[in-house]
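In the numbering used here, the protein residues as written are 354 to 585.
Just so you know, even glycine gets a beta-carbon here, dropped at the ideal spot from N, CA and C.
In this text, all values refer to a predicted model and were calculated from it rather than measured experimentally.
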Ligand SMILES: [Ca+2]
Ligand SMILES: [Ca+2]
């Protein structure tokens, strides 16, 4: 019976790992949206990741635009994980709408953290660069929030707990403690431990491969130990 229980636990851990990887946010790259026509990406429960490019540095002389949209009654929220742009020359612009026909709500040509709630279900992101000097760009999370017409009163370096209208420091997001009254700061895709681990491991593909290898070795070691004990 003990052996059966042990194998069930191993199987459950495997399932949890695979499910958590499959359930993490999908990745998109600004460099795929530079051909002129605005493209739209649906933001579902898991949120999405937006990178400037796949390689080490973004291209010069680009003008790329992508629009995120949510279901009715929800708004996209954008949080930068890191930004590295050539100061004053390479820029991100945010348009509160489904294209760039409205005036940009945010124009950022530097590497400060970026956080923005749209006021309705569309949010358009544009990246433009000049003809010289490129850095490593950005990684931005786009997640779904519940209500339209959000008035975000928090500072740029704070996290808005939407249901309780609290502002908490960004360092309290994903720290395994509920700092928002309803725990929203621990309930966003960024808090997924696998996702965070991949980020800190320094590269998505490398992180994914190393993560799977470590996981497989761990499972094999557990199976071997359990097997030996069962034979005794
Ligand atoms: Ca540049
Ligand atoms: Ca927290």
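Pairing CB atoms from the region 492–499 with CB atoms from the region 517–527, are three or more of them under 8 Å?
no
Residue 407 CB to nearest chain D CB: under 8 Å?
Looking at the structure shown, chain D is missing, and only one protein chain is on hand.
Applying the 10 Å Cβ sphere with the 16-neighbour rule, what's the burial state of residue 574?
exposed
Measure the alpha-carbon distance for residue 524 versus residue 511 and round it to whole angstroms.
Each residue's alpha carbon lies about 9 Å from the other.
Option nearest residue 496 by Cα separation, candidates 390, 391, 396:
Taking residue 496 as reference, the option from 390, 391, 396 with the minimal CA-CA separation is 396.
Close-in-space but distant-in-sequence residues of the same chain around residue 553 (CB under 6 Å, 5 per side omitted)
No answer about residue 553 holds up, because its pLDDT of 47 lies below 50 and its placement is not dependable.
Relative to the C-alpha of residue 440, which residue among 453, 472, 486 is closest?
486
Same chain, Cβ closer than 6 Å to residue 421, five either side skipped, listed in chain order:
394, 396, 429, 476, 495
In whole angstroms, what is the alpha-carbon distance linking residue 464 and residue 436?
5 Å
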